[in-house]
Amino acid sequence: MTKVDGTPEKRLFLSIISDYDLKTGLCELVDNAIDLWMSEGRRSGFEVSVELDVDRQVISVTDNAGGVAEGQVRLLMAPGASRNDPAAEVIGIFGVGGKRAGVALGEHVQIRTRHKKEKSLLIEITKEWIGTDDWHFEVFEIPNIKPGTTTVDISMVRQGFDKQDVESIRQHLAETYSWFIDQGVAVSLNGEELDPITFDVWSYPPEYPPRWASFDINPTRDGALAVRISAGLLGDRDIKGENYGVYFYCNHRLIVKELRTRDVGYFISSEAGVPHPDASLCRVIVDIQGPAELMPWNSSKSGLNYSHPAFAQLRPRIIDFASWFSSLSRRLKGRWDDEVFNYPTGEMEEVDPAAARSDKRKVLPKLPRSRRPPRVDELKEKNKRTVSEQPWTLGLVEAMGVVDLIVRQPRVETRNRIAIILLDSNLEIALKEFIVNRTDLFKPYKYNDAFIGQLFSRRSEVMKEVQAHISLSATILGKINHFYILRNKLIHERATIHISDTQVRDYRETVETVLKKLFALKFPTG
Numbered sequence: 012m013t014k015v016d017g018t019p020e021k022r023l024f025l026s027i028i029s030d031y032d033l034k035t036g037l038c039e040l041v042d043n044a045i046d047l048w049m050s051e052g053r054r055s056g057f058e059v060s061v062e063l064d065v066d067r068q069v070i071s072v073t074d075n076a077g078g079v080a081e082g083q084v085r086l087l088m089a090p091g092a093s094r095n096d097p098a099a100e101v102i103g104i105f106g107v108g109g110k111r112a113g114v115a116l117g118e119h120v121q122i123r124t125r126h127k128k129e130k131s132l133l134i135e136i137t138k139e140w141i142g143t144d145d146w147h148f149e150v151f152e153i154p155n156i157k158p159g160t161t162t163v164d165i166s167m168v169r170q171g172f173d174k175q176d177v178e179s180i181r182q183h184l185a186e187t188y189s190w191f192i193d194q195g196v197a198v199s200l201n202g203e204e205l206d207p208i209t210f211d212v213w214s215y216p217p218e219y220p221p222r223w224a225s226f227d228i229n230p231t232r233d234g235a236l237a238v239r240i241s242a243g244l245l246g247d248r249d250i251k252g253e254n255y256g257v258y259f260y261c262n263h264r265l266i267v268k269e270l271r272t273r274d275v276g277y278f279i280s281s282e283a284g285v286p287h288p289d290a291s292l293c294r295v296i297v298d299i300q301g302p303a304e305l306m307p308w309n310s311s312k313s314g315l316n317y318s319h320p321a322f323a324q325l326r327p328r329i330i331d332f333a334s335w336f337s338s339l340s341r342r343l344k345g346r347w348d349d350e351v352f353n354y355p356t357g358e359m360e361e362v363d364p365a366a367a368r369s370d371k372r373k374v375l376p377k378l379p380r381s382r383r384p385p386r387v388d389e390l391k392e393k394n395k396r397t398v399s400e401q402p403w404t405l406g407l408v409e410a411m412g413v414v415d416l417i418v419r420q421p422r423v424e425t426r427n428r429i430a431i432i433l434l435d436s437n438l439e440i441a442l443k444e445f446i447v448n449r450t451d452l453f454k455p456y457k458y459n460d461a462f463i464g465q466l467f468s469r470r471s472e473v474m475k476e477v478q479a480h481i482s483l484s485a486t487i488l489g490k491i492n493h494f495y496i497l498r499n500k501l502i503h504e505r506a507t508i509h510i511s512d513t514q515v516r517d518y519r520e521t522v523e524t525v526l527k528k529l530f531a532l533k534f535p536t537g
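Numbering-wise, my numbering comes out as the position in the sequence shown, counting from 1, plus 11.
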């Protein structure tokens, strides 16, 4: 039998540099500090300070979690060595995160630590040390630093960073460690303490409140994880940021957010469907608690291992929730302001734990079959109060609804021509109603029937009268004139011109803008 030396080569440090960027590397260092704080009893006053010096391109992370004793200092360097019990509810188990993160961030790493009130120690990781085969390292005694503290200084950074990167890191830390910050952990960046950023911000439509389920799963025969899944229509929609999808926390640490992949039901028509603004109100939050060794995260805790047995057990329920609320989001499109965002408070509805942990593909009830009400009814409902106070606006509202009915008639080949004529006529009537009913602006003794008849023989003169009291942009005025000329061509000239869907849509939006200005009428989006 031949024995072969299995000692790892130091190049393993360099081989994993590509696994880390600034965010994941910094979070590994913060994770180490939090794990130590938790193992030491979660004493109050715990702080983690991150410093990113843009000018000097130096990174520094300091914590007061307790420091590393001299007898355990090898844990800072030896790959795979860790004080954490894999069965504990911690956020680091691989025994390599802090070491490789430091090396991944920079070529020169200095670690200063002081366990309680013992002597202060210094360890350095340099490219020269990595370049040798010798795993021995020197530990220097240095002038005392604060008791119970550890500082990691990283220079000769591999990936430069600027002020914009710093702000991105600020948000990332506030999101990743929001639960710990809520528990009293002070995380600061460049001297500024961070406020937690959480995502459990829901809307509570009366018929469709957010739902939650709490149950256990067993990724291994002897191991269990506690799971809580919360899902609903979000209440903090960010149109540009597209802040919807699935969010994963493992032992309270955010692992991934805004996940929209096939693994959680997206891009599958029978499930959550293709990610699209139509479904952008759906949010699912998965919070898993238990032994770190059973977690479905990857080794850098920056993503999920989709082949992990824990994820496999969770996947059907995640897809169930994501599909249901994505479908609901689409069904309510155009009515979000009134029927979703108008309900910022309420109570979540619990899903039966037995059903949640079952193998059933779906446990949520079927969404009721519902068709969006005709636009005319939608407009009348949305403007009920305005019509009550200004009865002359009812015809204007109904006419806009009728335009929608007309353009939805595929058998009517000239529907766009009819729509343009109706839109322009409705605009002209609206201008007349504004002048006739705003007697505070247009005195009846001057604006009598004869004067109004003469005034409305020229659209340009009407617009001058109205513009004296309301502000319309040059773009809107230009479109009104353009479509007025177009209508006149249809009515008074021999040629029959083609009207496109785009033209109808453009003029409808223009007329809606004017009606909003004249009478404060409301029009739903979509």
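The C-beta atom is built at its ideal place from N, Cα and C for all residues, glycine as well.
From a predicted model like this one, the values you see are computed outputs, not experimental measurements.
Contact defined as beta carbons within less than 8 Å: I believe residue i pairs with residue j. What is the distance between those atoms, to the nearest angstrom?
i: ASP415; j: LYS344; result: Wrong, their Cβ atoms sit about 15 Å apart, outside the cutoff.
i: LEU407; j: LEU526; result: 6 Å
i: VAL84; j: ILE134; result: 7 Å
i: ILE268; j: GLU186; result: According to the sequence displayed, residue 268 carries Lys and not Ile. Confirmed, about 7 Å.
i: LEU37; j: VAL61; result: 6 Å
i: ILE102; j: ARG264; result: 5 Å
i: VAL522; j: VAL418; result: Actually they are not in contact, since the Cβ atoms of VAL522 and VAL418 sit about 13 Å apart, beyond 8 Å.
i: GLN300; j: GLU39; result: So it is not a contact: roughly 21 Å between Cβ atoms.
i: ASN394; j: LYS533; result: 6 Å
i: GLU152; j: SER131; result: 7 Å
Do the CB positions of residue i and residue j come within less than 8 Å of each other?
i: PRO217; j: GLY243; result: no
i: ILE330; j: GLU361; result: no
i: ASP74; j: VAL59; result: yes
i: ILE165; j: LEU116; result: yes
i: THR231; j: LEU305; result: yes
i: TYR219; j: ALA112; result: no
i: ALA333; j: GLY276; result: yes
i: PHE172; j: LEU87; result: no
i: LEU292; j: SER340; result: yes
i: PRO302; j: HIS319; result: no
i: THR137; j: SER71; result: no
i: TYR518; j: LEU434; result: yes
i: LEU529; j: ILE432; result: no
i: VAL257; j: LEU270; result: yes
Helix, strand or coil, according to DSSP, for residue i in the structure here?
i: GLU100; result: coil
i: ASP32; result: coil
i: TYR518; result: helix
i: GLY106; result: Because the pLDDT of GLY106 is 37, which lies under 50, any placement of that residue in the model is unreliable, and the number read from its coordinates should be weighed accordingly. The answer is coil: DSSP assigns GLY106 none of H, G, I, E or B.
i: SER71; result: strand
i: ARG271; result: coil
i: TYR258; result: strand
i: GLY406; result: helix
i: SER2; result: This structure leaves residue 2 out entirely; the chain is present only between 12 and 537.
i: ILE510; result: coil
i: LEU529; result: helix
i: ASP415; result: helix
i: LEU37; result: helix
i: THR161; result: strand
i: SER189; result: helix
i: ALA323; result: helix
i: LEU200; result: strand
i: ASP363; result: coil
i: ASP388; result: helix
Report the residue from the options whose alpha carbon sits nearest the alpha carbon of residue i.
i: THR35; options: GLU472, ARG181, ASP64; result: ARG181
i: VAL374; options: LEU497, ALA224, ASN448, ILE446; result: ALA224
i: VAL297; options: GLU253, ASP211, ASP249; result: ASP211
i: ALA80; options: GLU100, GLY159, LEU532, TRP347; result: GLY159
i: ARG239; options: ILE228, LEU245, LEU434; result: ILE228
i: LEU315; options: CYS261, GLY301, TRP140, PRO286; result: CYS261
i: TRP347; options: GLY284, TYR317, SER214; result: SER214
i: GLN478; options: LEU452, VAL72, GLY464; result: LEU452
i: ILE208; options: PHE336, LEU501, HIS183, ASP274; result: HIS183
i: VAL65; options: VAL515, GLY195, ASN201; result: ASN201
i: LEU405; options: ILE417, GLU350, PRO376, ASN437; result: ASN437
i: ALA531; options: SER471, ASP512, ASP517, THR397; result: THR397
i: GLU429; options: PRO364, ARG386, LEU497; result: The residue you asked about is not Glu; residue 429 is Ile in the sequence shown. For the residues PRO364, ARG386, LEU497, the minimum Cα distance to ILE429 belongs to LEU497.
i: VAL196; options: HIS509, PHE57, GLN324; result: PHE57
i: PHE226; options: LEU132, TRP48, TRP190, ASP363; result: ASP363
i: ILE279; options: VAL447, GLU204, SER337; result: SER337
i: GLU409; options: GLN420, ARG422, LYS391; result: LYS391
i: ASP512; options: LEU378, LYS251, PRO421, TRP335; result: PRO421
When DSSP builds the beta bridges, which residues end up paired with residue i?
i: GLN300; result: ALA237
i: HIS119; result: SER166
i: LEU132; result: THR124, GLU152
i: ILE8; result: The structure shown does not extend to residue 8, since the chain is modelled only from 12 to 537, so the question has no answer here.
Say yes only if the C-beta of residue i is nearer than 7 Å to one or more non-hydrogen atoms of the ligand FMN, and no if none qualify.
i: TYR219; result: As presented, the structure is devoid of all ligands, the ligand FMN included, so that no description of it is given.
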